[in-house]
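Chemist:
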Amino acid sequence: MGSKNLGESDGIFDSGRFMPDESWSYTFEEEGSFNYFCVIHPWMEGIVFVDPFIPDYPHDATGKQVEFPILLITPDNSVEINFSWEPKIIKTHEKVNFIYRFYDAQTDQPLRKLEYDIAIIQNGIELYRDKNAVSQAGGDYRQWIFEEPGSVLIKFRDIRSFGKVAETTIDLSGSSVARLGDFSAVVYENTEQTKTVDKIVQPRQTVQFYYEIAVAIIAVPAIMLLAIMIYMKYKGPKTLINQGGGKASPI
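Shown next, in the form of structure tokens:
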């Protein structure tokens with residue numbers, strides 16, 4: 007209500023009259039802002055802000071609590087996917103790491119390298135897709151920053167071998183249609199941060215970054231050494247010339 011409608015209740019709650027040293031409570035079922043006023047002193051009014059409830063534990067899109075890593079075996083019983091995310095509570099405008107590893111479902115040994123497709127979908131809209139991704143040393147990750155709250159689905163598809171798959175008793179050479187897995191989560195509205203300041207760095211970008219550093223470490227000393235050699239070649243010690251034509255005698 008506003009000051010123009012003092013004394014008119016919207017019916018959401020009514021404490022009734024209570025005396026000094028008494029108390030009254032009410033639990034809001036929905037988030038939002040709620041105005042209130044005193045019936046006896048209608049010029050006394052205020053507002054209650056109710057933030058959305060955010061659990062302090064990770065859970066899937068249905069609200070079911072999960073423990074990390076989440077274990078999932080593909081429908082063809084060949085590959086086990088271990089999945090988790092950090093931070094455990096996903097909020098808008100904050101970077102989240104989706105971390106996962108692939109294992110042989112029969113022996114529980116890590117699969118060193120697998121090729122796969124991964125997609126991140128929120129509220130039915132595909133935000134990210136990487137086809138023909140390759141896991142490194144059995145594990146991989148993807149970073150993302152969500153701009154909107156809502157349910158999230160991370161989909162793995164077409165999991166297949168990439169070169170030699172070490173320490174495995176399963177055959178991944180056949181059809182990979184049934185080699186898939188889905189994981190869900192929820193993104194909550196961030197009431198403390200309203201814009202994105204972090205930068206997403208995917209694994210391939212990280213590899214490229216370290217590759218460039220390695221090239222610089224090797225190339226810079228080599229260039230400096232070459233420059234020194236050229237300098238020494240053209241700026242070597244000069245021969246002393248006796249312009250008088252005679253030989254110099256030691257003193």
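Heads up: the sequence shown runs through residues 7 to 257, numbered per the numbering used here.
Just so it is clear, CB atoms sit at the ideal spot from N, CA and C, and this is done for glycine as well.
For GLU92, which option in ASP177, SER84, LYS101, GLY69 has the closest C-alpha, if you only look at C-alpha atoms?
Modeler: Out of ASP177, SER84, LYS101, GLY69, LYS101 has the C-alpha closest to the C-alpha of GLU92.
Chemist: Inspect the beta-carbon positions of LYS94 and ASN196 and report whether they are closer than 7 Å.
Modeler: No, these two residues do not count as a Cβ contact at 7 Å.
Chemist: Would you check if the distance between the CB atom of PHE89 and the CB atom of TYR122 is smaller than 7 Å?
Modeler: No. Outside cutoff.
Chemist: Can you list, in chain order, the residues of its chain with a C-beta nearer than 6 Å to that of TYR42? Leave out the 5 residues immediately preceding and following it.
Modeler: Within the same chain, TYR42 has close Cβ partners GLY52.
Chemist: Rounded to a whole number of angstroms, what is the C-alpha to C-alpha distance between PHE215 and LYS205?
Modeler: The pLDDT assigned to PHE215 is 39, lower than 50, so where the model puts this residue is not dependable, and the model offers no usable value.
Chemist: Determine contact between the segment 103-121 and the segment 76-90, defined as no fewer than three beta-carbon pairs at a distance below 8 Å.
Modeler: They touch, by the three-pair rule.
Chemist: Taking ILE76 as the reference, give the member of TRP150, ILE160, VAL183 with the closest Cα.
Modeler: Here the closest residue by C-alpha is ILE160.
Chemist: Out of PHE19, SER84, PHE55, ASP27, point me to the one whose CA is closest to CYS44's CA.
Modeler: Answer by Cα proximity: PHE19.
Chemist: With 16 other CB atoms within 10 Å as the buried threshold, where does ILE236 fall?
Modeler: Answer is exposed; the Cβ neighbour count stays below 16.
Chemist: In angstroms with no decimal places, state the Cα-to-Cα distance between MET25 and PHE55.
Modeler: Taking the straight line joining both Cα atoms gives about 25 Å.
Chemist: Let me know if ASP16 comes out buried or exposed under the rule of 16 or more other beta-carbons within 10 Å of its beta-carbon.
Modeler: Exposed.
Chemist: I'd like to check one pair, HIS99 with GLN199: are the Cβ atoms closer than 7 Å?
Modeler: Closer than 7 Å, so yes.
Chemist: Going straight from the alpha carbon of MET238 to that of PRO227, what length do you get?
Modeler: Distance between the alpha carbons of MET238 and PRO227: 16 Å.
Chemist: So TRP91 is in the beta strand (DSSP E); what residue range does that whole segment cover?
Modeler: Unbroken beta strand (DSSP E) run through TRP91: 85-92.
Chemist: Quick check: what's the CA-CA separation for ILE79 versus ASP164?
Modeler: C-alpha separation (whole angstroms): 14 Å.
Chemist: Counting pairs of beta carbons, one from the segment 177-188 and one from the segment 134-146, are three or more of them closer than 8 Å?
Modeler: At 8 Å Cβ cutoff, the stretches do not touch.
Chemist: Cutting at 8 Å between CB atoms, please list the residues of its own chain near ASP57, excluding the five before and the five after it.
Modeler: Only GLU37, THR197 meet the Cβ criterion.
Chemist: In the DSSP assignment, find the unbroken beta strand (DSSP E) run with TRP150 in it and report its ends.
Modeler: Taken as a continuous stretch (DSSP letters only), the beta strand (DSSP E) holding TRP150 covers 145-151.
Chemist: May I ask you to report which of helix, strand or coil DSSP gives ALA125?
Modeler: ALA125: strand per DSSP, three-state reduction.
Chemist: Measure the alpha-carbon distance for GLY22 versus PHE59 and round it to whole angstroms.
Modeler: When rounded, the distance between both Cα atoms is 27 Å.
Chemist: Here's the rule I'm using: 16 or more other beta-carbon atoms within 10 Å means buried, otherwise exposed. How should ARG118 be labelled?
Modeler: So ARG118 counts as buried.
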